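K.L.:
I'd like to ask some things about the structure below.
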Amino acid sequence: MQALAAETANQAAAHAEAFYVAPEFWVAIAFFILIGLVFKPVGRAVTQALDMRGNAIAARIEEARKLRDDAQEMLATYQRRQRDAMREAEEILAHAKAEAQRTSEQAARDLEETLKRRQQQALDRIAQAEARALQEVRDMAVNVAIAATQRLIAENLSSDKAAALVDGAIQDLPGKLH
């Protein structure tokens with residue numbers, strides 16, 4: 039135990055010296071000075087590197103934002119063009135339907151007019167044929183009547199009466215011509 043007391047006394051004597059006399063203190067001071075001297079230029083380099091990296095990241099973010107804005111603008115443009123194209127296609131389709139309807143109606147009117155014209159032509163031909171047939175019947179009736187009259191006159195008229203009729207007709211002729 040005495041040995042333990044002696045050792046404790048030695049340790050107490052060792053601890054009794056001032057803190058700045060201990061080599062650990064000076065090692066710690068040298069370490070902090072070295073860290074301070076090294077940190078200053080290294081800190082600037084690290085700060086510059088971090089600033090450059092931050093600027094690069096900010097530039098990429100800005101570029102990405104611009105690309106996104108451009109993409110959104112292009113999307114809006116294409117959507118607008120698509121709407122315009124759809125509207126134009128609908129207008130073309132409506133115009134085509136209206137044109138087809140108008141053409142169909144015009145064709146129906148033209149057909150109706152053609153049919154009426156042909157019907158009228160057929161009626162005119164029928165009327166002409168009736169008129170010709172009627173004229174032929176009349177001409178035939180006149181010819182038959184003339185032939186019958188000639189036969190009756192030839193059978194019933196004497197030569198004296200025939201000469202008197204011819205003389206009377208010759209005398210009436212100048213009055214009928216003027």
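In my numbering, the protein residues as written are 39 to 216.
Beta carbons are placed, not taken as given, at the ideal position from N, Cα and C, and that holds for glycine.
Predicted model, so just to flag it, every value in this text is computed and none were measured.
On the DSSP letters alone, give me the boundaries of the alpha helix (DSSP H) that F63 sits inside.
P.N.:
61-194
K.L.:
Let me know the secondary structure DSSP gives A56 once reduced to three states.
P.N.:
coil
K.L.:
Less than 8 Å between the C-beta atoms of F63 and F69, yes or no?
P.N.:
no
K.L.:
What number of angstroms, rounded off, separates the C-alpha of L195 from the C-alpha of A171?
P.N.:
Between the alpha carbons of L195 and A171 lies a distance of about 34 Å.
K.L.:
Look at the alpha carbon of A127 and the alpha carbon of D107, and state the distance between them as a whole number of angstroms.
P.N.:
Their Cα atoms are separated by approximately 30 Å.
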